[in-house]
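Going from the sequence shown to the working numbering is simple: count from 1 and add 70.
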Amino acid sequence: MKPVIICGGVGSKMWPMSRSTMPKHFLPLINGKSLFQLNWEALRRRFSPEEIFLQTNEVQAKIAKNLIPEIIEENIFIEPEMRNQGPATGFAAAQLIKRGFGDEPFILVQADVLREPDEEFLKMIGEVEKLAGANDKYITGGFAPQTIVRGVDYLVKGNLISEENGVKIFEVADYIDRTEEEKIKEYLGGDKLLLHANHTTMTPNNLLKMYQKYKPEWYEPLVAISTNGDVVTEYGKMPKAGIEEVTKLVYKSGEALVVELPFNWVDFGTWESVANYMREKSMYNPEDVFEVESQNNFVYRKDKKYVALIGVENLVVIDTADGLLITKKDQTGKVGTVVDKLKEENRSELI
71 MKPVIICGGV
81 GSKMWPMSRS
91 TMPKHFLPLI
101 NGKSLFQLNW
111 EALRRRFSPE
121 EIFLQTNEVQ
131 AKIAKNLIPE
141 IIEENIFIEP
151 EMRNQGPATG
161 FAAAQLIKRG
171 FGDEPFILVQ
181 ADVLREPDEE
191 FLKMIGEVEK
201 LAGANDKYIT
211 GGFAPQTIVR
221 GVDYLVKGNL
231 ISEENGVKIF
241 EVADYIDRTE
251 EEKIKEYLGG
261 DKLLLHANHT
271 TMTPNNLLKM
281 YQKYKPEWYE
291 PLVAISTNGD
301 VVTEYGKMPK
311 AGIEEVTKLV
321 YKSGEALVVE
331 LPFNWVDFGT
341 WESVANYMRE
351 KSMYNPEDVF
361 EVESQNNFVY
371 RKDKKYVALI
381 GVENLVVIDT
391 ADGLLITKKD
401 QTGKVGTVVD
411 KLKEENRSEL
421 I
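Structure follows, in structure tokens:
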């Protein structure tokens, strides 16, 4: 198995801390460590540095190497530009083929997600590795949602294919697009619905075969890249799109499996999610924050500035040297609009 940690986004909903020069997955949010570091440490419990790959852009590659010097330089795949998840996933496969690992399973590990506990994550990797090496089906991950989560897609579990070490893997019976809310509601509360949570697993050669069948306009440039073609030229030929352009067809055709994630999957998409996690884990104990008739607030700052809150509740206050965010917790999903505004005003120093 070849794990490929993939990161490239910024996480604009976590402005003003998350910036293009220091995206959210590199911020020291969890006991002084970043999500990237925690994912690396989890993988290192089973894999050597030589077995772990990183796919990102040039800027983030430098940040990652500074955080974790043991990353092997030759194991870093640099995307020439952002072309979304479909081309990016294929690029990882092409780079592995180029290095002689075309028939060895790989798994994409998103850097901006926390997986707890590590043991269950590594168990899952072991089980999907067996299946990916034995068949050509596309393997992804999912977990049972308690409520509707908007902005993501869903899968319906089919027949149970494998159950080893507490890891259950199913056929995909159906794919539900995020826009099909009524259909999602029909399944919610039952034992068949899974929220789609990625973790693409397959051999690189089989993934390219899948692209050849369903997305030839991605397949041809990727084959060229895998055989020493010019990366910048070939990568730029691929139309920008999510991998769903392919996988939704694969799910519908019965050519996919889904592993029900046996670990806690924590997506730090907003400051509210960070605040909730830190409180649940008793990690939120800010110094020099004084509250009067206030409750359930979250303050995060880079300096030791004294903060007083009076008569307020459910606020998020994020303070940096050049930016200050104050918002209701349930409105943190709108923080990206601030970044959009700063882009319109060409305030690149703030993004």
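From the three backbone atoms N, C-alpha and C, an ideal C-beta is built for every residue, glycine too.
Buried or exposed: which applies to residue i, given that a residue is buried once 16 or more other Cβ atoms fall within 10 Å of its Cβ?
{"i": "Asp300", "result": "exposed"}
{"i": "Tyr208", "result": "buried"}
{"i": "Leu394", "result": "exposed"}
{"i": "Pro286", "result": "exposed"}
{"i": "Gly324", "result": "exposed"}
{"i": "Pro332", "result": "buried"}
{"i": "Asn235", "result": "exposed"}
{"i": "Asn416", "result": "exposed"}
{"i": "Lys399", "result": "buried"}
{"i": "Gln125", "result": "buried"}
{"i": "Asp206", "result": "exposed"}
{"i": "Val80", "result": "buried"}
{"i": "Ile313", "result": "buried"}
Relative to the C-alpha of residue i, which candidate in the options has its C-alpha closest?
{"i": "Glu121", "options": "Gln107, Ile141, Val293, Gly312", "result": "Ile141"}
{"i": "Glu151", "options": "Val328, Val405, Met308, Asn334", "result": "Met308"}
{"i": "Leu123", "options": "Pro93, Thr402, Ala162, Asp400", "result": "The amino acid at residue 123 is misidentified as Leu; the sequence shows Phe. Looking at the Cα atoms, Ala162 is the closest of the given residues."}
{"i": "Arg277", "options": "Ala214, Leu97, Gly156, Gln125", "result": "The displayed chain sequence assigns Leu, not Arg, to residue 277. Ranking the options by Cα distance to Leu277, first place goes to Gly156."}
{"i": "Ile100", "options": "Ile396, Val382, Gly160, Tyr370", "result": "Tyr370"}
{"i": "Gly406", "options": "Asn205, Pro86, Leu201", "result": "Pro86"}
{"i": "Val198", "options": "Glu314, Gln365, Ile177", "result": "Ile177"}
{"i": "Arg89", "options": "Lys168, Asn109, Ile133, Ile76", "result": "Ile133"}
{"i": "Ile195", "options": "Asn346, Val74, Lys413", "result": "Val74"}
{"i": "Arg153", "options": "Val129, Gly78, Thr390", "result": "Gly78"}
{"i": "Tyr305", "options": "Gln165, Thr271, Phe213", "result": "Gln165"}
{"i": "Pro274", "options": "Ala202, Pro215, Phe213, Leu379", "result": "Ala202"}
{"i": "Asp158", "options": "Tyr289, Asp373, Glu233", "result": "Sequence inspection shows Ala at residue 158; the Asp mentioned does not correspond to that position. Nearest option by C-alpha distance: Tyr289."}
{"i": "Glu383", "options": "Gln365, Ile396, Asn127", "result": "Gln365"}
{"i": "Ala204", "options": "Pro175, Lys374, Lys193", "result": "Pro175"}
{"i": "Lys168", "options": "Met272, Tyr281, Asn298, Pro93", "result": "Asn298"}
{"i": "Lys279", "options": "Ser352, Ser118, Val316", "result": "Val316"}
{"i": "Asn367", "options": "Lys375, Ile388, Lys411, Lys374", "result": "Ile388"}
{"i": "Arg220", "options": "Thr249, Leu385, Ile231, Ile396", "result": "Thr249"}
{"i": "Gln282", "options": "Asn127, Leu192, Val320, Ala214", "result": "Val320"}
{"i": "Lys103", "options": "Thr91, Ile138, Gln130, Pro119", "result": "Ile138"}
{"i": "Phe191", "options": "Val222, Phe117, Tyr224", "result": "Phe117"}
{"i": "Lys193", "options": "Thr397, Val237, Tyr224, Phe213", "result": "Val237"}
In chain order, what residues of the same chain have a beta carbon less than 7 Å from the beta carbon of residue i, not counting five sequence neighbours either side?
{"i": "Met348", "result": "Tyr354"}
{"i": "Gly229", "result": "Reading off the sequence shown, one finds Asn at residue 229, where the question assumed Gly. Cβ within range, chain order: Phe240, Glu241."}
{"i": "Asp188", "result": "Ala112, Arg115"}
{"i": "Lys135", "result": "Ile141"}
{"i": "Lys322", "result": "Tyr245"}
{"i": "Gly211", "result": "Ala267, Asn268, His269, Val328, Val329, Leu331"}
{"i": "Asn109", "result": "Ile75, Val179, Ala181"}
{"i": "Asp337", "result": "Val183, Ser343"}
{"i": "Gly403", "result": "Lys83, Thr340"}
{"i": "Leu412", "result": "Leu420, Ile421"}
{"i": "Pro119", "result": "Glu140, Ile141, Ile142"}
Counting only the same chain and skipping the five closest in sequence on each side, list residues whose C-beta sits under 6 Å from that of residue i.
{"i": "Asn334", "result": "Glu186"}
{"i": "Phe171", "result": "Lys72"}
{"i": "Val409", "result": "Ser82, Trp85, Ile421"}
{"i": "Pro356", "result": "Val369"}
{"i": "Phe106", "result": "His95, Phe96, Ala181"}
{"i": "Gln310", "result": "Note that residue 310 is Lys in the sequence shown here, rather than Gln. Within the same chain, Lys310 has close Cβ partners Arg153, Asn154."}
{"i": "Gly53", "result": "The displayed coordinates of the chain run from 71 to 421. Any statement about residue 53 would go beyond what the structure contains."}
{"i": "Ser232", "result": "Ile239"}
{"i": "Val377", "result": "Val359, Val369"}
{"i": "Pro215", "result": "Leu265"}
Looking at the strands, I want to know which residues DSSP matches up with residue i.
{"i": "Trp335", "result": "Arg185"}
{"i": "Met194", "result": "Bridge partners of Met194: none, in fact."}
{"i": "Thr126", "result": "Ile148"}
{"i": "Glu383", "result": "Gln365"}
{"i": "Gln180", "result": "Ile76"}
{"i": "Glu233", "result": "Lys238"}
{"i": "Trp360", "result": "Here the sequence assigns Phe to residue 360, which means Trp is not the residue at that position. Looking at the DSSP assignment, Phe360 forms a beta bridge with Ala378."}
{"i": "Glu330", "result": "Gly212, Lys238"}
{"i": "Val226", "result": "Asp244, Leu263"}
{"i": "Lys253", "result": "For Lys253, which the question treats as bridged, DSSP gives no partner whatsoever."}
{"i": "Lys398", "result": "Leu385"}
{"i": "Lys103", "result": "Ile100"}
{"i": "Tyr354", "result": "Note: Tyr354 sits in no beta bridge, so no partner."}
{"i": "Met92", "result": "Arg89"}
{"i": "Met272", "result": "Phe176"}
{"i": "Tyr370", "result": "Ile388"}
Who are the near neighbours of residue i in its chain, counting only those whose CB is closer than 8 Å to its CB and skipping five residues on each side?
{"i": "Ile218", "result": "Glu251, Ile254, Lys255, Leu258"}
{"i": "Val226", "result": "Val242, Ala243, Asp244, Tyr245, Ile246, Tyr257, Lys262, Leu263, Leu264"}
{"i": "Gln130", "result": "Cys77, Gly78, Pro93, Phe96"}
{"i": "Lys372", "result": "Met87, Asp389, Thr390, Ala391"}
The stretch 131–148 / the stretch 286–297 touching (three or more Cβ pairs under 8 Å): no
Tell me, please, whether the stretch 259–267 touches the stretch 356–369 by the rule of three or more beta-carbon pairs shorter than 8 Å. no
Counting pairs of beta carbons, one from the stretch 238–257 and one from the stretch 325–345, are three or more of them closer than 8 Å? yes
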